[in-house]
Amino acid sequence: MAGRTGLLASGLVWGMAGALAVSAVPMVRRWRKGKASPRDMIRGLAAVPQRYLVDVHHAVERRKGAAPMHALVAGGTLAGSAVLAAGVIPALRESRLYWGGVGVFFVTAIGGTYLVWKRRNPKKPSWLSGGKFLWLPNALLAWNLGGALVALVHVAMPGRTGVALVPLAMMAAGGAGLVVQVARGPMRHAFSGVTWLAAHSRPERFGGGRSTDLRPLDLAAPTLGTLVPGDFAWNILASFDACIECGRCEQHCPAFAAGQRLNPKALIQGLALSARGENASVYTGSPAPHVPPTAGKGSMTSAIIGADAMIHPDTLWACTTCRSCVEQCPMMIEHVDAIVDLRRGQTLMLGEVRPGAADALRRLRDTGESGGRPLSARADGLAGENVPVLTEADETDVLLWLGDGAYELRYARTLRALVKLLHLADVKFAILGEAELDCGDLARRLGDEATFHGLATEVISTLNSRRFQRIVTADPHALNVLKNEYPALGGKWEVVHHTTFLDELVSAGRLKLDARDLPSVAYHDPCYLGRYNGEFDAPRRLLAAACKTTVEMERHGKQSMCCGGGGGNPVSDVDAEQRIPDIRMGQAAEVGAAIVAVGCPGCTAMLEGVPEPRPEVKDIAELVLEAVVPA
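Numbering-wise (UniProt numbering), the sequence shown opens with residue 1 and increments by one.
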């Protein structure tokens, strides 16, 4: 009987594995209805263990208690099941040591199962979903407890293993529940997650890498952007199914925090439900705040966006493209890529753009500047600063890219400080003057790839006709486009942020600073400088050299909160309960900051728009200039 019950237990594991494989077939068939996206699946699958154990683990462990829970329940369940499956070998089934090992793994999994249950009990946190998640611990407990008891019987009562038939029945019930969870519940990520990690659209992100540039759109394609789920690539469809609804994106989304009509978790679930043809009522997490109702239905060939579809249009335009959701997601889902693809479909195929955004795009097309202002007036704020203009006949070391904000008087103060510092360091530099067009960042984030392409083509032509060593800009949005997105269109230059360049000048001794005794200074990381371009250290080194007292806000570095100025948000007439910059300045006040140091004209404008009393806002260039020791 010992051999028979042991073989039954092993067979149960193999049977469950087969059932899981069958349950994955509908998912694969659905994904194949998406667009082709050639991937080296052999290499990708070989990399999955490291991606799970390193990249995914690093994201999971950011939430207290999540990493131990996953390690215990996933590790114990998989190890116990795998070892039990090996029981088809007769010699193992006769070994009490073998059964002791099986028992240890399943007992470990029971501890993890308790943590899974405790996560949503006695009260479920708002950011976690309910529904089938609530009975997942029951299925896990039945499987793991049954496995532990089967092992115990074979260790303690080797002559009466018929008793193991009862826990075997418990295992069977739990296994059936887990198969349902994989086929039609939240555990589908166990299969789709592996697929997505193996066929990730940005494999450069793994191993601590960075990949943030928006990919070019083929403007000759019959469909521009995404209108229906079938317009997404097959691996992107898999990524939506990989969402485990942990709510980390929801917790860190500035739009959600401000009551704008976006919840990134609800968005990804809406995309998954639309592709699966399920009703929105299946989703049991927090909705997007105050979003108007939609029909909440979809299919692989029906529209995703619209009152008669799954997702309301307002959700798309509420995103600031800050990538905080992407940074936090343990499954490394690319929320921003999906949003921009959907915006492209709305903008280029349907002409459905928010009124303010439509006006800005029209001005960009007509004048090459989002405000419709004369290009010759861009450098007016630098009058009297002795700034040369680079012509085709000239040559310079540094080309200073002013950016769209140069028209504003506040940003002109930053640029004047930067220009003074360049003069003090004896840097040979110049600007383009009226030859500088808008770089197209706004158009691209709003989904207007055609306008972006037209602007980029002109800018690249202009820059390729000038002679310079590197481009320096105080605008992280321009930095990102020029450095990361123009190369795909043929524009390749060395581009650095002004804080990076000033840090080089200080390190080389070309600028000497004497730290000033100012009230506490907190640095606000711009999304497009930090998360997009990985520059966190240079601004902090400069602040440490220029100011004696610095503090960090709770959300800083990669976890920093957006100012609310990205993704075309300011021109998109976005509804909200409160303003994102108000929340951010409140976070600065919480740590006693009297000054908020910034490195982006958009951040400056948004944060200075917060009503007083509030901390003073100063660009790092201004603080560095105040600390310069005269030669």
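No residue lacks a Cβ here, since even glycine has one placed at the ideal position from N, Cα and C.
Quantities reported herein were computed from a predicted structural model and do not represent experimental measurements.
Just list the residues that DSSP pairs residue 357 with in beta bridges.
For the purposes of this step, residue 357 is taken as the residue at position 357 of the sequence shown. Under DSSP, residue 357 shares a beta bridge with no residue.
Take every Cβ of the region 146-154, pair it with every Cβ of the region 165-172, and state whether three or more of those distances are shorter than 8 Å.
yes
Close Cβ partners of residue 1 (< 7 Å) along its chain, the five nearest in sequence each way excluded
Position 1 of the sequence shown, counting from 1, holds the residue named residue 1. A caution first: residue 1 carries a pLDDT of 47, below 50, which makes its placement in the model unreliable, though a value can still be read off. Closer than 7 Å at the Cβ level, and outside the excluded window around residue 1, lie 161 and 162.
Is the region 385-395 touching the region 424-440, taking contact as three or more C-beta pairs under 8 Å?
yes
What is the rounded straight-line gap between the Cα of residue 7 and the Cα of residue 91?
Along the sequence shown, one-based indexing puts residue 7 at 7. Along the sequence shown, one-based indexing puts residue 91 at 91. Spanning the two alpha carbons is a distance of roughly 11 Å.
Relative to the C-alpha of residue 153, which candidate in 123, 93, 209 and 187 has its C-alpha closest?
Counting from 1 along the sequence shown, the entry for residue 153 is found at position 153. The shortest C-alpha separation from residue 153 is found at 93.
Local Cβ density within 10 Å of residue 235, reported as buried at 16 or more and exposed below that:
Stepping through the sequence shown from its first residue, residue 235 is reached at position 235. Classification for residue 235: buried.
Could you tell me whether the region 309-316 touches the region 266-283, using the rule of 3 or more Cβ pairs below 8 Å?
yes
Evaluate the contact criterion for the region 350-357 versus the region 453-466: three or more CB pairs, one atom per stretch, below 8 Å.
no
Using a Cβ-Cβ cutoff of less than 7 Å, which residues in the same chain neighbour residue 186 once the five nearest sequence positions on both sides are dropped?
Reading the sequence shown from its first residue, position 186 is the one you call residue 186. Closer than 7 Å at Cβ, skipping near neighbours: 132, 133, 136, 244 and 245.
Can you tell me the Cβ-Cβ gap for residue 101 and residue 83, rounded? I've got them flagged as a contact below 8 Å.
Counting from one through the sequence shown, the residue named residue 101 turns up at place 101. Counting from one through the sequence shown, the residue named residue 83 turns up at place 83. Their Cβ separation, rounded to whole angstroms, is 6 Å, which keeps residue 101 and residue 83 in contact under 8 Å.
Residue range of the unbroken alpha helix (DSSP H) whose run includes residue 114:
Counted from its first residue, the sequence shown places residue 114 at position 114. In this chain, the alpha helix (DSSP H) harbouring residue 114 covers 96-119.
Could you tell me if residue 569 is buried or exposed, where buried requires 16 or more neighbouring beta carbons within 10 angstroms of its beta carbon?
Mapped onto the sequence shown, residue 569 falls at position 569. Classification for residue 569: buried.
Does residue 536 come out as helix, strand or coil in the three-state DSSP assignment?
Sequence index remark: in the sequence shown, residue 536 carries index 536 (1-based). In this structure, residue 536 counts as coil in the three-state DSSP scheme.
Look up residue 497 in the DSSP assignment and give the residues it is bridged to.
In the sequence shown, the residue the question calls residue 497 occupies position 497. In the DSSP output, where bridge partners are listed per residue, residue 497 has 473.
Starting from residue 616, trace the beta strand (DSSP E) both ways and give me its first and last residue.
Position 616 of the sequence shown, counted from the first residue, corresponds to residue 616. Per DSSP, residue 616 belongs to the beta strand (DSSP E) from 616-619.
Less than 9 Å between the C-beta atoms of residue 447 and residue 343, yes or no?
The residue given as residue 447 occupies position 447 in the sequence shown. The residue given as residue 343 occupies position 343 in the sequence shown. Yes; because the gap between Cβ atoms is below 9 Å, this pair is in contact.
Cross-strand partners of residue 395 (DSSP beta bridge):
Position 395 of the sequence shown holds residue 395. Note: residue 395 sits in a beta bridge opposite 467.
Could you check which residue in 89, 533, 517 and 37 has the C-alpha nearest to that of residue 544?
Counting from one through the sequence shown, the residue named residue 544 turns up at place 544. Nearest C-alpha to residue 544: 517.
Taking C-beta to C-beta, are residue 15 and residue 174 nearer than 9 Å?
In the sequence shown, the residue the question calls residue 15 occupies position 15. In the sequence shown, the residue the question calls residue 174 occupies position 174. No, they are not a contact pair.
Three CB pairs or more closer than 8 Å across the region 495-513 and the region 460-472:
yes
Where does residue 1 sit, in a helix, a strand or coil, going by DSSP?
Locating residue 1 in the sequence shown gives position 1, counting from the first residue. The predicted position of residue 1 is uncertain, since its pLDDT is 47 and thus under 50; a value taken from the coordinates is nonetheless stated next. Of the three classes helix, strand and coil, the one that applies to residue 1 here is coil, per DSSP.
Kindly indicate which three-state DSSP category residue 35 falls into: helix, strand or coil?
Taking the first residue of the sequence shown as position 1, residue 35 is located at position 35. Residue 35: strand per DSSP, three-state reduction.
Three-state secondary structure (DSSP) at residue 72?
If you number the sequence shown from 1, residue 72 lands on position 72. Here residue 72 sits in helix by DSSP.
May I ask which residues mark the beginning and end of the beta strand (DSSP E) holding residue 54?
On the sequence shown, position 54 is the one that residue 54 refers to. No beta strand (DSSP E) contains residue 54, which DSSP labels as neither H nor E.
Status (buried if at least 16 other CB within 10 Å, exposed otherwise) for residue 476
Taking the first residue of the sequence shown as position 1, residue 476 is located at position 476. Counting Cβ neighbours within 10 Å, residue 476 comes out buried, since at least 16 surround it.
If we ignore side chains and look at the alpha-carbon of each, how far apart do residue 265 and residue 250 end up?
Position 265 of the sequence shown, counted from the first residue, corresponds to residue 265. Position 250 of the sequence shown, counted from the first residue, corresponds to residue 250. Those two C-alpha atoms are separated by around 6 Å.
So, using beta-carbon positions, are residue 578 and residue 553 closer together than 9 Å?
Numbered from 1 along the sequence shown, position 578 holds the residue referred to as residue 578. Numbered from 1 along the sequence shown, position 553 holds the residue referred to as residue 553. Cβ atoms of residue 578 and residue 553: not closer than 9 Å.
Buried or exposed for residue 339, going by 16 or more other Cβ atoms inside 10 Å?
Here residue 339 refers to the residue found at position 339 when the sequence shown is read from its first residue. By the neighbour-count rule (16 or more Cβ atoms within 10 Å), residue 339 is buried.
Terminal residues of the continuous alpha helix (DSSP H) containing residue 411?
Translated into positions along the sequence shown, residue 411 becomes position 411. First-last of the alpha helix (DSSP H) with residue 411: 409-424.
Taking DSSP as the reference, what is the three-state secondary structure of residue 600?
The residue given as residue 600 occupies position 600 in the sequence shown. Here residue 600 sits in coil by DSSP.
List the whole-angstrom C-beta distance separating residue 607 from residue 528, where the pair is believed to meet the contact cut-off of C-beta under 8 Å.
As a working mapping, residue 607 is identified with position 607 in the sequence shown. As a working mapping, residue 528 is identified with position 528 in the sequence shown. In this structure residue 607 is not in contact with residue 528, their Cβ atoms being roughly 15 Å apart against a cut-off of 8 Å.
Work out the CA separation of residue 443 and residue 247 for me, nearest whole Å.
By 1-based counting over the sequence shown, the position of residue 247 is 247. By 1-based counting over the sequence shown, the position of residue 443 is 443. Those two C-alpha atoms are separated by around 30 Å.
With DSSP as the reference, label residue 127 as helix, strand or coil.
By one-based count along the sequence shown, residue 127 stands at place 127. In this structure, residue 127 counts as coil in the three-state DSSP scheme.
The region 199-218 touching the region 290-308, judged by at least three CB pairs closer than 8 Å
no
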